[in-house]
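Novice:
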Amino acid sequence: MKTCLIVDDSRVIRKVSRHILETLGFAVEEAENGQEGLNKCLESMPDVVLLDWNMPVMTGIEFIVQLRQRDGGDKPKVVFCTTENDVAHIREAISAGADEYVMKPFDHETLQIKLQLVGMA
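Residue numbering for the sequence shown follows full-length UniProt numbering, starting at 1 and increasing by one per position.
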């Protein structure tokens with residue numbers, strides 16, 4: 001079973017994302033900030049990370065930069081999920097190591113398409 005770590009400070013987004021991912025056959029873990037997410041990745045690297053941009057403690061960009069520097073940190077597919085939709089933000093996310101980008105709010109179909117694009121659905 002594929003694994004996904006949802007890193008988002010919004011409990012509602014985590015709950016909605018978990019529901020979608022579980023219907024797609026993923027085992028899901030959650031973290032409410034980048035530091036907690038990074039710690040979970042170091043314990044057990046997921047197949048996919050659904051990553052929020054703006055979070056307390058450690059932002060999504062800080063998380064992905066640190067993740068990609070760790071052993072095995074190049075393996076997970078990272079999909080940024082955010083309300084930031086300008087080209088500069090998208091470029092920054094991809095430059096930092098993101099594989100795909102999805103705008104909030106998103107639905108089942110949109111998330112499934114993004115996961116297909118990174119080879120995970």
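Glycine included, each C-beta is placed from N, C-alpha and C at the ideal position.
#1: Taking residue 79 as part of the beta strand (DSSP E), name the residues at either end of that continuous run.
#2: I'd like to know whether the C-beta of residue 42 is nearer than 7 Å to at least one C-beta of chain D.
#3: Would you kindly report the start and end of the unbroken beta strand (DSSP E) that includes residue 32?
#4: Report yes or no: do the stretch 25 to 45 and the stretch 88 to 96 share at least 3 C-beta pairs separated by less than 8 Å?
#5: Just confirm the distance between the C-beta atoms of residue 30 and residue 6, as a whole number of angstroms; I'd bet it's less than 8 Å.
Specialist: The relevant details are as follows:
#1: Within the sequence shown, residue 79 is the residue found at index 79, counting from 1. Where residue 79 is concerned, the enclosing beta strand (DSSP E) stretches over 77 to 82.
#2: Protein chains in the displayed structure number just one, and chain D is not present.
#3: On the sequence shown, residue 32 is found 32 positions in, with the first residue counted as 1. Taken as a continuous stretch (DSSP letters only), residue 32 belongs to no beta strand (DSSP E), as it is neither H nor E.
#4: no
#5: Here residue 30 corresponds to residue number 30 of the sequence shown, with the count starting at 1. Here residue 6 corresponds to residue number 6 of the sequence shown, with the count starting at 1. That pair is a contact at about 5 Å.
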